[in-house]
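Residue numbers (the numbering used here): -9 to 300. Idealized CB from N, CA, C, for every residue including glycine. Written out below as structure tokens is the structure these notes cover.
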Amino acid sequence: MPLVGTKEMFERANKEGYAIGAFNVNNMEILQGIVDAAKEERAPLILQVSAGARKYARPGYLIHLVKAAEEDSGLPIALHLDHGEDFEICKQCVDGGFTSVMIDASRLPFEENIKETKRVVDYAHSKGVVVEAELGKLAGIEDAVNVSEADAKFTNPEQAAEFVKRTGCDSLAVAIGTSHGAYKFKGEPKLDFERLQQIMNLLPPGYPLVLHGASSVPQYLVEKCNKYGGKMPGAQGVPEEMLRKAASMGVAKINIDTDLRIAMTATIREIFYTKPEEFDPRKYLGPARDAIKEVVKHKIRNVLGCSGKI
Ligand code: G3H
Ligand code: 13P
Ligand code: ZN
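Here it is in structure tokens:
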């Protein structure tokens, strides 16, 4: 099966009340861990590549790995550019075989974000590629200590409706209190579900919304990292019940990267610590790949709800 877009994936997810996991790929072991999990769970899958991943692996390498995974697994896989910062990188990915791109011009003022997004949409659509855009600032709730600060940073529902209408983007990443990385909340985790509902109410029914910064930062993995020489004090993610709620409300795509990084690092740390004589990379990268697989299987089954959906 060739790489697919996300339109049908999102339509079905919306009808049946589940979300699709979008997992970040940086190398072969991460990719195989994710795909092995999706294959066992019979789950639709979005594999995403950031600019940093592209730079690290060098353009071209990850696309070929993803194509190999798709041929080997027979799964419907969408290949997505994560946080494309301008038209140029989006164009390179559209031309290079990605089936979905994100233009993240959320740092720009509203009108400029619209202009840059529309430019990408026009080009990508002419080549049959779908586009995710972003509106709002993806910062943790601790950065928004009061309502007016939250209003300034988080996605404005009226603006979201206008943005989607004027750009024609196929999905929209919204800011409701999540943030990237392993330190998402200083105190109690909190997401602005009321705002999420208002955004949904103003968009066409079933319009696909995206939640970035959606790792849960499992505490057993943080503890394992710390036990074997790591230093991640206060690491905290989005509680799984909040992600289940977002999925049940109609969020179509849930982005996860940090949890894979922690799973990989905790596993490698343990092996380095407990088996200092080991020097064959396959002996620690193989278990790291298995650890990623377990994390992804858990997400598919218990958080996203997309197990058995293909
Ligand atoms: O959105 C952030 C993702 O975790 C990708 O991170 O830019 O370090 O590859 P990165
Ligand atoms: P996390 O850092 O929470 O895994 O978020 C990943 C993400 O949003 C990638 O775009
Ligand atoms: Zn992101």
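Compute the beta-carbon to beta-carbon distance between Leu162 and Glu60, rounded to the nearest angstrom, for a pair I have assumed lies under 8 Å. Within the sequence shown, residue 162 is the residue found at index 172, counting from 1. Within the sequence shown, residue 60 is the residue found at index 70, counting from 1. Going by Cβ atoms, the distance from Leu162 to Glu60 rounds to 26 Å, so no, they are not a contact pair.
Suppose the cutoff is 7 Å on Cβ atoms and the five residues either side in sequence are ignored; what does the same chain contact list for Glu30 look like? To locate residue 30, count along the sequence shown from 1; it is residue 40. Within the same chain, Cβ atoms closer than 7 Å to the Cβ of Glu30 are found at Lys287, the five residues on either side in sequence being excluded.
Which term fits His73, buried or exposed, when burial requires 16 or more other beta carbons within 10 angstroms of its beta carbon? Reading the sequence shown from its first residue, position 83 is the one you call residue 73. So His73 counts as buried.
Measuring from the CB of Ile246, is there a heavy atom of ligand 2 at a distance below 7 Å? Taking the first residue of the sequence shown as 1, we reach residue 246 at position 256. True, at least one ligand heavy atom lies under 7 Å from that Cβ.
Have a look at Leu275 and Phe153 and give me their C-alpha separation to the nearest angstrom. Residue mapping note: residue 275 aligns to position 285 of the sequence shown, counting from 1. Residue mapping note: residue 153 aligns to position 163 of the sequence shown, counting from 1. Approximately 43 Å between the Cα atoms of the pair.
Examine ligand 2 and report whether any of its heavy atoms sits within less than 7 Å of the Cβ of Asn14. Taking the sequence shown and counting its residues from 1, the one referred to as residue 14 is at position 24. Taking 7 Å as the cut-off, the C-beta of Asn14 counts as close to a heavy atom of ligand 2.
Evaluate Arg44 with the Cβ neighbour count: other Cβ atoms within 10 Å of its Cβ, from every protein chain shown; 16 or more gives buried, anything less gives exposed. Counting from one through the sequence shown, the residue named residue 44 turns up at place 54. Burial call: buried.
Buried or exposed: which applies to Tyr197, given that a residue is buried once 16 or more other Cβ atoms fall within 10 Å of its Cβ? Taking the first residue of the sequence shown as 1, we reach residue 197 at position 207. Within a 10 Å sphere around the beta-carbon of Tyr197 sit 16 or more other beta-carbons, which makes this residue buried.
Can you look up Asn136 in the DSSP assignment and give me helix, strand or coil? Walking along the sequence shown from the start, residue 136 turns up at place 146. The answer is coil: DSSP assigns Asn136 none of H, G, I, E or B.
Does the distance from the CB of Gly86 to the CB of Ile53 come in under 8 Å? As a first step, residue 86 is located in the sequence shown; it is residue number 96 there, counting from the start. As a first step, residue 53 is located in the sequence shown; it is residue number 63 there, counting from the start. A contact, by the Cβ cut-off of 8 Å.
Check whether the Cβ atoms of Asp94 and Glu124 lie closer than 8 Å to each other. Mapped onto the sequence shown, residue 94 falls at position 104. Mapped onto the sequence shown, residue 124 falls at position 134. A contact, by the Cβ cut-off of 8 Å.
Cys80 vs Leu69 beta-carbon contact at 8 Å: Reading the sequence shown from its first residue, position 90 is the one you call residue 80. Reading the sequence shown from its first residue, position 79 is the one you call residue 69. At the C-beta level, Cys80 and Leu69 stay beyond 8 Å of one another.
Any non-hydrogen atom of ligand 1 closer than 7 Å to Gly74 Cβ: As a position in the sequence shown, residue 74 is number 84, starting the count at 1. For ligand 1, no non-hydrogen atom lies closer than 7 Å to the CB of Gly74.
For the beta strand (DSSP E) that contains Ile166, what are its first and last residues? As a first step, residue 166 must be located in the sequence shown, where it is residue number 176. It is not in any beta strand (DSSP E) - Ile166 carries neither H nor E in the DSSP assignment.
Whose C-alpha, out of Gln188, Pro266, Val119 and Ala142, is nearest the C-alpha of Gly158? Translated into positions along the sequence shown, residue 158 becomes position 168. Nearest to Gly158 by C-alpha distance, out of Gln188, Pro266, Val119 and Ala142, is Val119.
Taking 8 Å as the threshold, find out whether the segment 175 to 185 comes into contact with the segment 103 to 113 through three or more Cβ pairs. No, because fewer than three Cβ pairs between the segment 175 to 185 and the segment 103 to 113 fall closer than 8 Å, the two stretches do not touch.
Could you pull the start and end residues of the beta strand (DSSP E) that Asp301 belongs to? Coverage of the chain is limited to positions -9 through 300, which leaves residue 301 absent and any answer about it impossible.
Measuring alpha carbon to alpha carbon, tell me which of Ala281, Asp247 and Ala9 ends up nearest Arg259. Here the question's residue 259 lines up with position 269 in the sequence shown. Ranked by Cα distance from Arg259, the first of Ala281, Asp247 and Ala9 is Ala281.
Can you tell me where the alpha helix (DSSP H) holding Phe153 begins and where it ends? By one-based count along the sequence shown, residue 153 stands at place 163. Counting along the chain, the unbroken alpha helix (DSSP H) around Phe153 starts and ends at Pro147 to Thr157.
Phe13: first and last residue of the uninterrupted beta strand (DSSP E) it sits in: In the sequence shown, the residue the question calls residue 13 occupies position 23. First-last of the beta strand (DSSP E) with Phe13: Ile10 to Asn14.
Can His170 be considered in contact with ligand 1, in the sense that its beta carbon sits closer than 7 Å to one or more heavy atoms? Here the question's residue 170 lines up with position 180 in the sequence shown. The answer is yes for His170.
What whole-angstrom Cβ distance do Val212 and Ile261 have, given they're in contact under 8 Å? Residue 212 sits at position 222 when you count from the first residue of the sequence shown. Residue 261 sits at position 271 when you count from the first residue of the sequence shown. The beta-carbon distance between Val212 and Ile261, rounded to whole angstroms, is 17 Å. This is too long to meet the 8 Å contact definition.
Touching or not, the segment 265 to 274 and the segment 12 to 26, by the rule of three or more beta carbon pairs under 8 Å? No contact exists between the segment 265 to 274 and the segment 12 to 26.
Measure the alpha-carbon distance for Phe0 versus Asp160 and round it to whole angstroms. The residue given as residue 0 occupies position 10 in the sequence shown. The residue given as residue 160 occupies position 170 in the sequence shown. Each residue's alpha carbon lies about 10 Å from the other.
Asn245, buried or exposed, once every other Cβ within 10 Å from all chains shown has been counted against 16: To locate residue 245, count along the sequence shown from 1; it is residue 255. Asn245 sits buried, since 16 or more C-beta atoms from the chains shown fall within 10 Å of its C-beta.
Can the beta-carbon of Ser238 be found closer than 8 Å to that of Gly7? Position 248 of the sequence shown, counting from 1, holds the residue named residue 238. Position 17 of the sequence shown, counting from 1, holds the residue named residue 7. Cβ atoms of Ser238 and Gly7: closer than 8 Å.
Curious, which full-length alpha helix (DSSP H) runs of at least 4 residues does the segment 88 to 126 contain? Counting only runs of 4 or more, we get 100 to 116.
When every heavy atom of ligand 2 is checked, does at least one fall within less than 7 Å of the C-beta of Ser90? Here residue 90 refers to the residue found at position 100 of the sequence shown. No.
For Ser161, does the three-state DSSP call read helix, strand or coil? As a working note, residue 161 is residue 171 in the sequence shown. Strand at Ser161.
Exposed or buried, which one is Lys283 when buried takes at least 16 other CB atoms within 10 Å? Position 293 of the sequence shown holds residue 283. Around the beta carbon of Lys283, 16 or more other beta carbons lie within 10 angstroms, which makes this residue buried.
Which residues does DSSP list as the beta-bridge partners of His70? In the sequence shown, the residue the question calls residue 70 occupies position 80. For His70, the beta-bridge partners assigned by DSSP are Gln38 and Ser90.
How about His70: is its Cβ closer than 7 Å to a heavy atom in ligand 1? Residue 70 sits at position 80 when you count from the first residue of the sequence shown. Look at His70: its beta carbon is at least 7 Å from all of the heavy atoms in ligand 1.
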